[in-house]
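Here's the structure we're looking at; comments come further down.
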Amino acid sequence: MEQDQDLAARQEARTLARQAEKAQHLLADFPQEKLDAIVEAIASAFSAQAETLAKNAVEETGFGNVPDKITKNRFASETVAKAVRGMKTVGLLRKSGKDRVWEIGVPVGVIAAIVPSTNPTSTVCYKAMIALKAGNPIVFSPHPKAARCTLAAVKTVAQAAESAGAPAGSVQCLTVPTLAGCQELMGAEPVRLILATGGPGMVKAAYSSGKPAIGVGAGNGPAFIHHSADIRQALARIARSKTFDNGTVCASEQSIIVERTLEDQVVAEAKQQGYCFLSPEDGKKLAAILFRPGGTLNPEVVGKTAVHLAKLAGISVPPDTKILVAREREVGIAYPYSMEKLCPVLGFYVMDSEDAVLAKCMEILDFEGRGHTFSIHARDEAAVRKFAEKIPVSRFLVNTPAALGGIGAETGLFPALTLGCGAVGGSASSNNISPLDLINIRRVAWGREEAKPEGVHSPELVELLAQKILERLEH
Numbered sequence: 058m059e060q061d062q063d064l065a066a067r068q069e070a071r072t073l074a075r076q077a078e079k080a081q082h083l084l085a086d087f088p089q090e091k092l093d094a095i096v097e098a099i100a101s102a103f104s105a106q107a108e109t110l111a112k113n114a115v116e117e118t119g120f121g122n123v124p125d126k127i128t129k130n131r132f133a134s135e136t137v138a139k140a141v142r143g144m145k146t147v148g149l150l151r152k153s154g155k156d157r158v159w160e161i162g163v164p165v166g167v168i169a170a171i172v173p174s175t176n177p178t179s180t181v182c183y184k185a186m187i188a189l190k191a192g193n194p195i196v197f198s199p200h201p202k203a204a205r206c207t208l209a210a211v212k213t214v215a216q217a218a219e220s221a222g223a224p225a226g227s228v229q230c231l232t233v234p235t236l237a238g239c240q241e242l243m244g245a246e247p248v249r250l251i252l253a254t255g256g257p258g259m260v261k262a263a264y265s266s267g268k269p270a271i272g273v274g275a276g277n278g279p280a281f282i283h284h285s286a287d288i289r290q291a292l293a294r295i296a297r298s299k300t301f302d303n304g305t306v307c308a309s310e311q312s313i314i315v316e317r318t319l320e321d322q323v324v325a326e327a328k329q330q331g332y333c334f335l336s337p338e339d340g341k342k343l344a345a346i347l348f349r350p351g352g353t354l355n356p357e358v359v360g361k362t363a364v365h366l367a368k369l370a371g372i373s374v375p376p377d378t379k380i381l382v383a384r385e386r387e388v389g390i391a392y393p394y395s396m397e398k399l400c401p402v403l404g405f406y407v408m409d410s411e412d413a414v415l416a417k418c419m420e421i422l423d424f425e426g427r428g429h430t431f432s433i434h435a436r437d438e439a440a441v442r443k444f445a446e447k448i449p450v451s452r453f454l455v456n457t458p459a460a461l462g463g464i465g466a467e468t469g470l471f472p473a474l475t476l477g478c479g480a481v482g483g484s485a486s487s488n489n490i491s492p493l494d495l496i497n498i499r500r501v502a503w504g505r506e507e508a509k510p511e512g513v514h515s516p517e518l519v520e521l522l523a524q525k526i527l528e529r530l531e532h
């Protein structure tokens, strides 16, 4: 039975890729104005369905909460639409008068898109909009745990796109969500680029497909509360971030790091704001349910509330607890709170100096999360610069909730749900992925007038000199 399902999935992947290729031939001739109209139609239709699609996602996956899923859906439609409005992606983009170079935007072609179970519906809207803004058709591969809500989101997007003039096949989705089907799609001949948002195994498979891929590495961002920070505000920002959709955003904070001189003040204020610091014994109980043997995150804890997690672990916490905090000292697989936790759980490190904080942050990111996100809460710009020049991340966030700042909801970064981690994180891009990452630039260059080698004169001058020499010889 499983073998039959895999065969059906592979065949469907090949069929959808060919249909997308046909759509690409038509989209390639669409002017910017027509692509823009398609994007606006998608944003409007998806925003209207934001609540229904959010409920679908939470009911099917059990991850996160409906109000924040609605916010994500509106972010992926309304905020992204606003960001790309007026952006030029196809045709003549720029002219350089001095060097006589033109830059022409050209769609990359058929895109295969992997959809995560943590942000399924919002990811569909965001990826479809940036793909079609750049003139590319897109085929989605849903996570098996989020197949129904992903298909519903794709249907909403596809209908809106086609009603605005997009060719049939511009937005499609595998209906048989298997690993075999996903791999077949990524390797299909018409596919030109893979947008891989998902677990490390799926991202690695995308990079091993033989096709260009933009993948997302693991998030494991530390949050440093500097001694110059407003501690109350810093902890409020972190709480808002870490509880947003119950911690499912990969840019969210995974640990808090402070200098020893601030420890008592930070702990006291954190407790006032609903952070619950666990005893060593309770920390071990919680760690036992957070991770499987080998260090992989238990999917049963993803996107659950702090109180729910405490109940699963058999520990008692106040009913108004927002975040569970466990003290940690070291880094590695034997120290579970040094790893990524997609739920309202944080590690807590206390270091003796600012330099020790910097070293520990780099150690954490070297273990997991290189290239992703780091956050600092500080008023001292010299400290910000010191850390920014050393920390190996693509998003260095200052005085903002990391989950919301990292995706561009509360910073000037491009609003995105695919966050590149750069070469240091094994990714092809360090950008918040935008339509500009989904085009090729064709450069039209005129030749400069050939420079003459030093000492070589024009033919006219040579002829004149020869005549004068002959005249002198005759006399």
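So the sequence shown is residues 58 to 532, counted in our numbering. Built from N, CA and C at the ideal position, the CB exists for glycine as well. Quantities reported herein were computed from a predicted structural model and do not represent experimental measurements.
Cβ-Cβ distance between residue i and residue j below 8 Å
{"i": "residue 250", "j": "residue 495", "result": "yes"}
{"i": "residue 214", "j": "residue 170", "result": "no"}
{"i": "residue 421", "j": "residue 279", "result": "yes"}
{"i": "residue 192", "j": "residue 94", "result": "no"}
{"i": "residue 196", "j": "residue 74", "result": "yes"}
{"i": "residue 207", "j": "residue 230", "result": "yes"}
{"i": "residue 306", "j": "residue 460", "result": "yes"}
{"i": "residue 242", "j": "residue 271", "result": "no"}
{"i": "residue 316", "j": "residue 414", "result": "yes"}
{"i": "residue 401", "j": "residue 304", "result": "yes"}
{"i": "residue 138", "j": "residue 100", "result": "yes"}
Residues near residue i by beta carbon distance below 6 Å, same chain, minus five either side
{"i": "residue 269", "result": "250"}
{"i": "residue 332", "result": "380 and 382"}
{"i": "residue 295", "result": "280 and 310"}
{"i": "residue 479", "result": "428, 451 and 487"}
Straight-line gap, residue i to residue j (C-alpha atoms, nearest Å)
{"i": "residue 194", "j": "residue 437", "result": "46 Å"}
{"i": "residue 497", "j": "residue 166", "result": "10 Å"}
{"i": "residue 328", "j": "residue 62", "result": "51 Å"}
{"i": "residue 491", "j": "residue 471", "result": "7 Å"}
{"i": "residue 141", "j": "residue 189", "result": "11 Å"}
{"i": "residue 203", "j": "residue 446", "result": "39 Å"}
{"i": "residue 66", "j": "residue 176", "result": "23 Å"}
{"i": "residue 77", "j": "residue 500", "result": "27 Å"}
{"i": "residue 466", "j": "residue 476", "result": "13 Å"}
{"i": "residue 346", "j": "residue 393", "result": "11 Å"}
{"i": "residue 325", "j": "residue 425", "result": "29 Å"}
{"i": "residue 160", "j": "residue 493", "result": "13 Å"}
{"i": "residue 68", "j": "residue 228", "result": "18 Å"}
{"i": "residue 128", "j": "residue 157", "result": "46 Å"}
{"i": "residue 102", "j": "residue 217", "result": "6 Å"}
{"i": "residue 453", "j": "residue 198", "result": "31 Å"}
{"i": "residue 366", "j": "residue 277", "result": "20 Å"}
{"i": "residue 372", "j": "residue 418", "result": "29 Å"}
{"i": "residue 119", "j": "residue 361", "result": "8 Å"}
{"i": "residue 117", "j": "residue 205", "result": "8 Å"}
{"i": "residue 464", "j": "residue 409", "result": "32 Å"}
{"i": "residue 412", "j": "residue 265", "result": "38 Å"}
{"i": "residue 403", "j": "residue 503", "result": "57 Å"}
{"i": "residue 293", "j": "residue 146", "result": "39 Å"}
{"i": "residue 143", "j": "residue 210", "result": "25 Å"}
Start-to-end residues for the alpha helix (DSSP H) that takes in residue i
{"i": "residue 132", "result": "Careful: residue 132 lies outside any alpha helix (DSSP H) and carries neither H nor E."}
{"i": "residue 264", "result": "257-264"}
{"i": "residue 438", "result": "438-445"}
{"i": "residue 113", "result": "107-118"}
{"i": "residue 478", "result": "No alpha helix (DSSP H) contains residue 478, which DSSP labels as neither H nor E."}
{"i": "residue 342", "result": "337-347"}
Cut-off 8 Å between Cβ atoms - residues of its own chain near residue i, not counting five sequence neighbours on either side
{"i": "residue 508", "result": "Bear in mind that the predicted position of residue 508 carries a pLDDT of just 48, short of 50, making it too unreliable to give a figure here."}
{"i": "residue 370", "result": "339, 342, 343, 345 and 346"}
Contacting residues, own chain, Cβ-Cβ under 7 Å from residue i (five flanking each side not counted)
{"i": "residue 64", "result": "none"}
{"i": "residue 115", "result": "121, 122, 123 and 126"}
{"i": "residue 235", "result": "62, 63 and 66"}
{"i": "residue 364", "result": "374, 376 and 378"}
{"i": "residue 91", "result": "222"}
{"i": "residue 441", "result": "433, 435 and 455"}
{"i": "residue 439", "result": "none"}
{"i": "residue 263", "result": "171, 243, 251, 253, 270 and 272"}
Endpoints, the beta strand (DSSP E) within which residue i is located
{"i": "residue 334", "result": "332-334"}
{"i": "residue 305", "result": "Looking at the DSSP string, residue 305 is not in any beta strand (DSSP E), and its letter there is neither H nor E."}
{"i": "residue 431", "result": "428-434"}
{"i": "residue 170", "result": "167-171"}
{"i": "residue 270", "result": "270-272"}
8 Å Cβ cutoff, residue i in contact with chain E
{"i": "residue 203", "result": "The structure shown contains no chain E; it is built from a single protein chain."}
contact_flag[the region 254-271, the region 279-299] where n(CB pairs < 8 Å) is 3 or more = no
message = For the structure I just gave you, are there three or more beta carbon pairs, one from the region 129-149 and one from the region 92-109, closer than 8 Å?
response = yes
query = Do the region 336-356 and the region 299-317 touch if we need at least three Cβ pairs shorter than 8 Å?
reply = no
request  = State whether the region 95-103 contacts the region 219-228, with contact taken as three or more CB pairs (one from each stretch) at a distance under 8 Å.
outcome  = yes
query = Using 8 Å as the Cβ pair cut-off and three pairs as the minimum, do the region 306-315 and the region 424-440 touch?
reply = yes
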